[in-house]
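> First to last, the protein sequences are chains A and B. Letter by letter, the first sequence follows residues 34 to 473 in my numbering. Letter by letter, the second sequence follows residues 9 to 812 in my numbering. The beta carbon of each residue, even a glycine, is placed where N, CA and C say it ideally should be. Nothing here was measured: the structure is a model prediction, and the numbers come from that model.
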Amino acid sequence: MDSKPSPHSTPFAKPSRREFLYAGLAGGLGLTMGDLLKLRAAEAKEDSPLIAKADSLIHIYLPGGCAAQETWDPKPLAPMEYRGPLSTVDTSIPGIKFSQYMKNTAKIADRLTVVRSMTHGEAAHERGTHNMFTGYRPSPALQYPSIGSVVSHELGSRNQLPPYVCVPNVANEFAGTGYLSTAFGPFALGSEPADAAFKVRDLSLPTTVSPERFERRRSILDTVDSHFRYLEQSDALRSMDSFYEAAYAMISSPSAREAFNLASEPAALKDSYGRNVAGQRLLMARRLVEAGVRTVSVTFGGWDHHTNIARAMETNAVPFDQAFAALITDLEQRGMLERTLVMVSSEFGRTPKINKDAGRDHWPRVFSVAFAGGGFKRGLIYGSSDATGAEPESNPLSVENMAATVFNQLGIRPNSYLNAPGGRPVMIVKDGQVMSDLIA
Amino acid sequence: MNSSAKLLRYAGLFLALPFLSHAAPVLDVFPPDAHLYHKLDSQLFAVRVIQDNGIHLDVTNEAKLTVEDPSKASLDKNLLLPKTAGSTKLKVEWKGLTASIPVTVEKPDVEPPVSFRLDVMPVFMKAECNRCHGAARGQDGFKLSLWGFDPDTDYFRITREQPGRRVNLAVPEESLLLTKSDGEAAHTGGKRFEKNSPMYQTMLRWLKAGALEDPKDLAQLTGVDLMPGSLVMEGPGQSFRLNVRAKYSDGTTRDVTTTALFLSNNEGTAKVAPDGTLTTGLRGEAFVMARFGAFTVGTQVIVLPKDVKYQWPNTKENNEIDKLVNAKLKNLRMTPSPTCDDLTFLRRVFIDITGTLPPLDRVTAFGKDTDPEKRVKLIDELLKRPEFIDLWTLKWADLLQIRTINNVAYNKNIQMYHNWLRDEMQAGVPLNQLAAKLLTASGSNLENPAATFYSLEVDPIRVTEDAAQAMLGIRIQCAQCHNHPFDRWSMSDYRGLMAFFTQVGRKAGEDPREKIIYNSGGGEALHPVGNKPVPPKFPGGAEPDVKGKDRREVLAQWLADPQNPWFAKHMANLVWAHLTGVGIVNPVDDIRISNPPSNPQLLEYLAKRMVEVNFDIRKLAREICLSETYQRSTRANETNELDSRNYSKGTIRRMRAEVLLDAIADASGNSAKHTGLPQGIRAVEVADANKTNYFLTTFGRSTRINVCARDECNPTLSQALHLLTGTTVESNITGGNLVSKEIAAGKTPTDIMTELYLRVISRPPTEEESASLQALFSDKEQTKATLEDIQWALLNSKEFIFNH
């Protein structure tokens, strides 16, 4: 018996905590008195609202499992078979080196928090991806929502824009809404920002339909729908309704449409990001958060480097490095970095030793993630991996603690509850600690 | 008693219960018989009464239990202990109700040796040792196998890996195995059990006996029963003693209630203590599981608030399906929604059976038709339509992942494979025969297109997993590396199934598009533990004789056998889910213990019918469509508002991508055109999943990269935008040019409007709609534009997009 939280008539509206409690009671299924009292206590204790340090999140995801050794955490002093084929560059943090292709990022390292001790236990792509997108280990019993969908659910939309946008497409099956209503699902651009003819589909009216005519159509549609709405209720219908509302808002708001108009970015800026997939996707992400999107999830490249990692890194890391450094610089110059949290992650790292095919295999025991802005410390290298990059040596960071810290910066209490099917209360992050060492 | 017989027995009890009709209370004793084999054997009993209001009570404490012949066995409360050999009866009496339970006692003087596998391994499970120590790297230097899948290695690690450390045979009490567990020695996992617990005593007896390895001919665990099979209780705060019994290959049984591990999928509704006592919480349904050895078994628990005032209404029951659905609804105190009206039925049954909208003339005629049998006749007519075949070919094409793959599967291969599939469906080949043909397909894929089954995927691991998911609805992926944590599948099951696919030979033909599939007669599936070949074994079944045979033939025979426990159930569930919108097991391709059917009796029945109708989709679909359950309105009442799994009302669902696109074209009077395909080929008929377009992709058409048994129908913002401003609706309105044609034919705007309504949403406009839209016709210049705006609005309406 599903009792999913219901989206409301306004686009992407967020149910209040009281409504949530009501839903839990009305669902009446499985919420025990003890749970209820706990919730009430939590509610009382948390009456003081959490102050958000960031308004939006850009999550850059490097699918396949990016090797920390060839990016954030080189091992220049390790034996050859661990060190790998690449050399290093000095960064703007004294004594800290990145791998050779990260030369632009190295120059802005003093704006970043790099965690070199990320760790979890899932060495299969889909399971590792699940961890990094939801903050939960995969469960056969429950589909967890992605961070972006939880943010949509908690914070709602701004400026008539969808709260959660995927560039260019929904990253993977775990980037969706899990047990939350599909109304909190991502909007995918569906086309490639780097293409010369890039245009997000269906945002403007066809030339044959004037705004007045569209208004008339809309009012006829309201007439037809109101009959059905009066008769029928279901989560799928409510989701569709809320997406229609959101679509109207976007179509009728020139500024919302303009958010997707990458063509209006100056050519020089486009050049600085790189006229390639990495560059234009990240530029698009900046444009979207600037306009008011809450979460932009960007994927770039293929980082599953089982063979010839030197070559593969040249293809992937070089454009990534340029685009990422340009993004941070651009955000800073616009005064947006403080209020925008940028996170770079991947499903896991790669084996300490180079394999027989000159590549590295899956390794979740220790790898790196990077953050910038959104109240994270500047110029911090947090935690370390051991001499060969096999295990965390100091301050291991768990998936739960990473997710809890991200939510906290966005003003969402990670230990508050969402309502899963059957009226079951599920914590946004289970037992996650906000890592005060990471935040300023 | 075998499990199906037992299920029937409980089903019988469960269903024979005319709710609130003040039937006489029923007394049950669990287990229904008892066998005590040796001195240390014992049996716990639970006594249940089903009250006249349908609520179950545990009356074990209140009931009077006596042993008929006290010389044979004795009772300590509800625990039966052996005295002398022979047979007797346990007499149970509660408020005038009685039951008599046969008891046999075999060798009450013999103290049996302690077995590592049968006695000690269950302790690791119950005390949850192998939860932490079962991690891939063990825990704190000590490793056990996950969920105990590898007893040989566990024995080695305990007794031999570090001699004298874990096991101290000189002073067994000082063995680290015990001192870590009882809290005497420091243990990260804390104290696991007390010194006086049976778990401690079992371990100690084994150590005292010399920590011996088991004899080779040791009886194997063959199954576990959790009793009762279902419970309907009040909550919160009521309790019930569950009972668990293990069965062994030598025909013996054992009471393992205190040694089994209990889990609940909804602790808010039903919680189970380690001793098997279930306690109810708030209203809801819970599935409670017991795990023992490699087996996990479950029971369904419904919890209702105390003293619910409820009256079951008199509701139509057209056939057995309705009886089974209503039996559950009665227990849930849920009133079903009434029968849907004629036009709703017409539209629903057209979409569900043929994937098309009802044509204009049918909509007009059906409402007026006074034949009381008109629904039956319509169902029969639609099941004979070719579109029914198209729709099921599409569903199977999803299951079989029919798509072009660069340099592997060419357009010709895919067309031939798809055509073959459609021909088989058209010819009415029973589904079990169809599956068998696919599994045994040999020869050139250009001569026998079914052989494409083996050329789309060559890795035996993927072939095994895909076949299991597509044809049996089970996901055995987990068991590739360890025993499935939430299901019955072990690594041996996995390799055993894989062994049927390791001797598939493939060679290239002369044409690059040709692959020749043959039985290579060599190749084995190696078990990751010990690297030994695993002989072919049916999932959860026997090891057949495959000597000198094509192993696939043996598997196909098993699969196609009407007795096969999985196939009929899975196929019946697919048909049911397609027609009602929700699988009894949901999602449909994830049949596992911990994802129980919402109505097991219904699923059993439909599977039985699937066999009886010789795996004919048409016949099963007919029976389902005829049921009142299928014909219910989607409108909720206050009792069934939250129901989504129990069929108390119709399910509202978006039409699947292909059907919706075809419906837009059809309702607009337009003929479909897909790139590279002839005019008029509908989206439903497209063979290759890679021949797609923006509409189909955005509305969730399966890419067929993975086995896909469900239609992806979640709404998104992109879908809303595309319907509002995108090319699909616009180009179909223009392409069909319906409004202009009708104006030219001299029809009035009002008539055209009504026609548009009937074409798109299969009903005439209501009076209010009519009144409000009529006003728009005052501007004569704009008649065409206005009518096309109405057409556009109808195509964008939820009433159109959703099947309801």
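(1) Which bits of chain A does residue 637(B) rub up against, with CB to CB less than 8 Å?
(2) Is any beta-carbon of chain A found at less than 9 Å from that of residue 5(B)?
(3) Is the CB-CB distance between residue 202(A) and residue 292(A) below 9 Å?
(4) Excluding the 5 residues preceding and the 5 following residue 75(A) in the sequence, name in chain order all residues of the same chain whose CB lies nearer than 8 Å to its CB.
(5) When you compare only the Cα positions, how much space is there between residue 279(A) and residue 343(B)?
(6) Taking Cβ to Cβ, would you say residue 163(A) is nearer than 9 Å to residue 397(A)?
(7) Rounded to a whole number of angstroms, what is the C-alpha to C-alpha distance between residue 286(B) and residue 304(B)?
(8) Let me see if you follow: with CB-CB separation under 9 Å, is residue 141(B) close to chain A or not?
(9) In chain A, which residues lie with their C-beta within 8 Å of the C-beta of residue 734(B)?
(10) With a threshold of 9 Å between beta carbons, is residue 678(B) in contact with chain A?
(11) Any Cβ of chain B within less than 9 Å of the Cβ of residue 450(A)?
(12) Spell out the partners DSSP gives residue 603(B) in its beta bridges.
(13) For chain B, check one thing: does any of its Cβ atoms lie closer than 9 Å to the Cβ of residue 293(A)?
(14) Please confirm if the segment 756-766 of chain B is in contact with the segment 733-743 of chain B, defined as three or more CB-CB distances below 8 Å between the two stretches.
(15) Does the segment 354-365 of chain B come into contact with the segment 661-674 of chain B, if we say contact requires no fewer than three beta-carbon pairs (one atom in each stretch) closer than 8 Å?
(16) Using the C-alpha atoms, what's the distance from residue 738(B) back to residue 80(A)?
(17) Looking only at its chain, what residues have a beta carbon closer than 7 Å to the beta carbon of residue 371(A), apart from the 5 residues adjacent to it on each side?
(18) CB residue 580(B) to CB residue 614(B), shorter than 9 Å?
(19) As a quick exercise: from 100(A), 121(A) and 150(A), pick the residue whose alpha carbon is nearest that of residue 140(A).
(20) Run down chain A in chain order and give the residues with a C-beta less than 7 Å from the C-beta of residue 800(B).
(21) Using three-state DSSP, classify residue 270(B) as helix, strand or coil.
(22) When DSSP labels each residue in this structure, what does residue 2(B) get in the three-state scheme?
(23) In chain order, what residues of the same chain lie with their CB nearer than 8 Å to the CB of residue 212(B), ignoring the 5 residues before and after it?
(24) Is the shortest distance between the beta-carbon of residue 307(B) and the beta-carbons of chain A less than 9 Å?
(25) Would DSSP call residue 353(A) helix, strand or coil?
(26) What residues in the segment 264-297 of chain A have a beta carbon less than 8 Å from any beta carbon of chain B?
(27) Taking all protein chains shown into account, decide if residue 64(A) is buried (16 or more other Cβ within 10 angstroms of its Cβ) or exposed.
(28) Which first and last residues belong to the alpha helix (DSSP H) in which residue 284(A) is found?
(29) Does the segment 372-379 of chain A come into contact with the segment 80-96 of chain A, if we say contact requires no fewer than three beta-carbon pairs (one atom in each stretch) closer than 8 Å?
(30) Cβ of residue 805(B) less than 9 Å from any chain A Cβ?
(31) What do you get for residue 766(B), buried or exposed, if any count of 16 or more other CB atoms within 10 angstroms of its CB means buried?
(32) Within its chain, find whatever has a CB closer than 6 Å to the CB of residue 347(B); leave out the 5 residues flanking it on each side and keep chain order.
(33) Can you round the beta-carbon distance between residue 441(B) and residue 629(B) to whole angstroms, since I take them to be within the 8 Å contact cut?
(34) Taking residue 402(A) as the reference, give the member of 421(A), 436(A), 386(A) and 392(A) with the closest Cα.
(35) Could you give the DSSP three-state label for residue 101(B): helix, strand or coil?
(36) To test your reading of the DSSP string, which unbroken alpha helix (DSSP H) runs of 4 or more residues are found completely within the segment 323-401 of chain A?
So, from the listed chains and residues:
(1) Ordered by position in chain A, no residue passes the 8 Å Cβ test against residue 637(B), which lies about 17 Å from the chain.
(2) Residue 5(B) cannot be examined here, being either before or after the span of chain B that is shown, 9 to 812.
(3) At a Cβ-Cβ threshold of 9 Å, residue 202(A) and residue 292(A) do not count as neighbours.
(4) With a pLDDT of 48 at residue 75(A), under the threshold of 50, the modelled position of that residue is not reliable, and the figure given next carries that caveat. Cβ contact annotation for residue 75(A) (same chain, cutoff 8 Å, sequence separation greater than five): 448, 449 and 450, in chain order.
(5) 36 Å
(6) no
(7) 17 Å
(8) no
(9) 234 and 235
(10) no
(11) no
(12) According to DSSP, which records beta bridges pairwise, residue 603(B) is partnered with 600(B).
(13) no
(14) no
(15) They touch, by the three-pair rule.
(16) Because residue 80(A) sits at a pLDDT of 48, beneath the cut-off of 50, its placement in the model cannot be relied upon, and the following sentence gives the value as read from the coordinates. The alpha-carbon atoms of residue 80(A) and residue 738(B) are separated by roughly 51 Å.
(17) 406
(18) Yes. Within cutoff.
(19) 121(A)
(20) 250
(21) Reduced to three states, the DSSP call for residue 270(B) is strand.
(22) Past the edges of chain B, shown from 9 to 812, lies residue 2(B), and the structure says nothing about it.
(23) Contacts found: 180, 181 and 186.
(24) no
(25) helix
(26) 264, 265, 266, 267, 269, 270, 272, 273, 274, 276, 277, 279, 280, 281, 283 and 284
(27) Because residue 64(A) sits at a pLDDT of 39, beneath the cut-off of 50, its placement in the model cannot be relied upon, and the following sentence gives the value as read from the coordinates. Its Cβ being crowded by 16 or more others within 10 Å, residue 64(A) is buried.
(28) Looking at the DSSP string, the run of the alpha helix (DSSP H) that includes residue 284(A) is 268-285.
(29) yes
(30) yes
(31) buried
(32) 639
(33) Residue 441(B) to residue 629(B), Cβ: 18 Å. No contact.
(34) Selected option, being the one with the closest Cα: 436(A).
(35) The answer is strand: DSSP assigns residue 101(B) an E or B state.
(36) 342-366
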